[in-house]
């Protein structure tokens, strides 16, 4: 493997020499900036084998750097050749600090403007000025030039999502979005987020693993009219004719020509979602560009009544599948039958697949035994799946897309005996989860304001976790959906009723074990309190799966936390026991949800 | 008064007509963007009588708007004529929403670019484009043209702060700052924050009420050399010659000429601190402008050992003054002797003035009886001071500058009997204070992450307060000192060891009462905990004044909160009792700090 990667580095450097550049930037993302990148666009993995969902490499003349965040610290050292790459924290890349360290002044740095958001590109060009280096747009991506056996793009037919699942006709969504543009004095908006396009048109696709979207770009006018540019062979005449004349579909090749035809328009673009290349096209005319959040994203994030009832329904069915799996798992543990991570992952999926509305996993399952769970986004498919071992902790983070909604749940399970230290850490994480889940907060509150409630008990003892606390979740769309999130940074969007978010604090001890307790919640207005002066928002739980009580140290819980846990488990039993038909599963559920 | 303000509006509108503009913006700030504005620059107060520290008016042809934040909702309606002004929330102004509502397209909006930060100005010009209105720079401020009896600028001599108080020679501070510029590849930085200049040169001034700074602008080179532009008549030859050749003082009139002489330089400017007019001068040449935080502000915010020991020392002396005052107050309350707010404020100051290092109040004292305390920044000097009344709550927020540091403390005192509802609210506020004061948090944590800990108990019951939770505090400098703060928004600077901040949650019930519990704390690394993986920061208290226990409902406190309060009060007694010499004060202190 290393030899192959070394050859590839050599080829890239040869091409760099031909183009007279001293560095070339290879991000994980393709032009759609999704976490999941289809195989044919996974340039970073081709280059050095790294399979994480966040990362970027810089190839220099003599050496190379790969930047990854805290979640991938362990993984990168296992996948990428230390002889050829320096490992750096992603923040070094984001702050552009590496420019001064890795390059001398007057260096030339190549990048493919299609693969970078305009927001980042803009900042980067400024940083280059400061470090006296030159940023060079490379029209033909160097990786693509060197990638001989590149897989073909797999494009799949676009499908209609039935009315009973989405709850709002595309005409209404388009009018609503158009009205928002009008209110902002904008003529039209470019939509480059694939999930926004899918949501707006009530269509779904299968172009990206785990994300039910299709490759496309759209433009929406303030009158609500939409043009969607896509591979026309993937959409049937029947689907096209199901739309009124306000929606037209054009070949993706016509996109730039169309953009260039826009003149004297006020065009809204999301600088975090549009690539620098498209932005260069748009700026080539007399248009005024307004940089603003994708106008669809907030509408999409606030689920309507039908979407929410779908979320509730699929979470009940999904929980019954997870409960069946956990009961089966416990039964095997008790019989000292230990499977490997792949078998476990597949077993859980097999329970979910029995559901009539099941579509696909909502992300690659993290099925991590023992020390593997210390890598928060471990993927057993990257090497030989490990066997569960007795007296360890097993972590499984998984979810599914159903036609009526999407799920995402993490449970941490004791395999045999666990140490009191492991119980202590799992309990500190649980206390954080409960603290955040119980919050009431006014309109205007963002994820940044709430994130630390999930960390506070770890912080009191000198621990933390290197990932966000929660993400938005799409309705049979991207399982990581913005614009809201709950994290230390980049979570400046206010939480609003109807938004679905995860709460998933964790703790990871390198080479030892990992813990994460994740539920999904939707946000709703809290019932009016006596004397309350302002309306308050609160989290209402969607996920109904027991937390493993053998990982909880009751002495560390306050009475209010014990009450929360007992109420939660009682509710799980009430909702899920009617859906679990196997006697041993029901018995397991009864015991797993007993009050402490 | 109203008649006078009506005449002034008329005069301003006449001038607007002459300049052919449809609107003119009158901010509270002058060109130094301080909260305290000297009388001769308080254009907003001249125009309509508003005395708050945050606000902006827009004069239109037929009407006018004044925008203020939540703190001034009550005050504005008492000070400004409703017949002539619409009252709007400041957020309307900040989001530029008013442009679309108050003005038709093609309108011309005048402003004085000296009175707006470059950051705001930039955003505003963009918003004008969007709303199709024109922003017109007015070189001669319209208010200045109309202000006939404008007071003279009162400029006072600059003074040297002795080495024993500041703890770090200006040479070292300059080198440190220059090195930071070098590390950022910058040639020089323009310093427009008056407190940064005072701190850098270890000088103090008296040009602004309550803020010991002097009017000036400085430029610091990467080699540490400084040129300070100021009114040369205010600085003695002795002071000038006390500096080495790295520091020169020039007349303020020479400033723009000097700035225009800069060519081919990379110049760092803080867009939040520089006015748009100065920025226009700087951009007139071949320079590269780098927008970044004032390079001095973070050094200044992290107090050195000498500054911290001064802070500790002055807080002990200050607390003894406050304790003497509170004992005297209680004695009078018990004897049913009620004074007015001005007498009370002066009485407290008289205790502080006995201290040899006392300089001046660190801000206008808020001495607010009963319903006046519902206005968080009430100033009894604005109307007839109110008498304390029996069975009410009195709030006093005050502080002083000493040569060795600055103080800021708020206590809320029961006058006679208080209702159980008042006790409940005061206790919810106290619980928030304690929760935040007990936090441990890792490096990188900002005020935005912590703010909600002080609000959580109010939020649980449907309440909130419309101001930030805490601000930085300067060392015998501005009592509100950035760059860090603890608030919902604009608090993105990480908290660091040595920073001094307030924790001051509150609750305000309009026309009824107001509560605020404010202490100052400094930030330090927490002692290592067994097994801790990362260093944690914590708050250590500076303020040693009892909280009024008759406002606390013990039943609402957890055991951990009771422990915090008892420890706090025990410490207050230990530290302050040796400094209070009057027997009745000692008795009062003993009783006020009894364990609950």
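Protein chains in written order, with the working numbering: chain P, 6 to 601; chain S, 6 to 601. Note that the Cβ used here is the ideal one computed from N, Cα and C, for glycine as well.
Residue 533 (chain P) CB to nearest chain S CB: under 9 Å? yes
Please tell me whether residue 432 (chain P) has its Cβ less than 9 Å away from any Cβ of chain S. no
Report all residues from its chain with a CB closer than 6 Å to the CB of residue 70 (chain S); omit the five preceding and five following residues, and keep chain order. 63, 91, 93
Pull up the DSSP beta-bridge partners for residue 254 (chain S), would you. S:233
Establish whether the CB of residue 78 (chain P) and some CB of chain S are separated by less than 9 Å. no
Under 7 Å from the C-beta of residue 541 (chain P): neighbouring residues of chain S: 464, 467
Indicate whether residue 29 (chain P) and residue 42 (chain P) have their beta-carbon atoms separated by less than 9 Å. no
Between the alpha carbons of residue 191 (chain S) and residue 202 (chain S), how many angstroms are there, rounded? 19 Å
For a contact defined as C-beta to C-beta under 8 Å, what are the partners of residue 455 (chain S) on chain P? 457
Stretch pair the region 407–414 of chain P + the region 377–394 of chain P: three plus CB contacts closer than 8 Å: no
DSSP beta-bridge partners of residue 293 (chain P): P:271
When the Cα atoms are used, what is the spatial distance from residue 312 (chain S) to residue 405 (chain S)? 16 Å
Look up residue 445 (chain S) in the DSSP assignment and say whether it is helix, strand or coil. strand
Is any heavy atom of the ligand ZN found at a distance shorter than 8 Å from the C-beta of residue 287 (chain S)? Looking for the ligand ZN in the displayed structure turns up nothing, as the structure carries no ligands at all.
Under the assumption that residue 372 (chain S) contacts residue 392 (chain S) (Cβ atoms under 8 Å), give the Cβ distance between them as a whole number of angstroms. Actually they do not touch by this definition, with Cβ atoms about 12 Å apart.
According to the neighbour-count rule (16 or more other Cβ atoms, all chains shown, within 10 Å of its Cβ), is residue 56 (chain S) buried or exposed? buried
Counting contacts by CB-CB distance shorter than 9 Å, is residue 127 (chain P) in contact with chain S? no
Grab me the residues of residue 253 (chain P)'s own chain with a C-beta within less than 7 Å of its C-beta, minus the 5 sequence neighbours each way, in chain order. 232
Identify each residue in the region 190–203 of chain P for which the Cβ-Cβ distance to at least one residue of chain S is less than 9 Å, and report them in chain order. 190, 191
Could you name each continuous beta strand (DSSP E) segment of 3 residues or more that falls completely within the region 106–134 of chain S, going from the start of the chain to the end? 113–116
Looking at chain S, which residues of the region 560–577 of chain P have a Cβ within less than 9 Å of any of its Cβ atoms? 563
Alpha carbon to alpha carbon, how far is residue 421 (chain S) from residue 314 (chain S)? 38 Å
Considering only residues of the same chain and omitting the five flanking positions on each side of residue 132 (chain S), which have a CB-CB separation below 7 Å? 101, 104
Residues near residue 65 (chain S) in its chain [Cβ-Cβ closer than 8 Å; skip 5 each side]: 27, 28, 107, 108
Beta-carbon contacts of residue 418 (chain P) that lie in its chain and below 6 Å, excluding the five residues immediately before and after: 399, 553
Under a three-way DSSP split, which group does residue 263 (chain P) fall into? helix
Pick out whichever of P:326, P:374, P:48 has its Cα sitting closest to the Cα of residue 359 (chain P). P:326
Here's a check: name, in chain order, each residue in its chain whose Cβ is nearer than 8 Å to the Cβ of residue 567 (chain S), leaving out the five neighbours to either side. 559, 601
Can you check the region 345–375 of chain P for any beta strand (DSSP E) of at least 3 residues that lies completely inside it and give the ranges in chain order? 363–366, 371–374
Note down the Cα distance separating residue 557 (chain P) from residue 427 (chain S), rounded to an integer number of angstroms. 39 Å
Identify every residue that forms a DSSP beta bridge with residue 492 (chain P). Residue 492 (chain P) pairs with nothing; no bridge assigned.
Beta-carbon proximity list for residue 204 (chain P), same chain, < 7 Å, skipping 5 on both sides: 301, 305, 482
What is the C-beta distance between residue 156 (chain S) and residue 239 (chain S), in whole angstroms, given that I count them as a contact (C-beta under 8 Å)? Wrong, their Cβ atoms sit about 18 Å apart, outside the cutoff.
Is there at least one Cβ from chain S nearer than 9 Å to residue 332 (chain P)'s Cβ? no
Using the three-state DSSP reduction, which class does residue 474 (chain S) fall into: helix, strand or coil? coil
Using a Cβ-Cβ cut-off of 7 Å (strictly less than) and excluding sequence neighbours within five positions of residue 235 (chain S), which residues of its own chain qualify? 219, 220, 221, 254, 257
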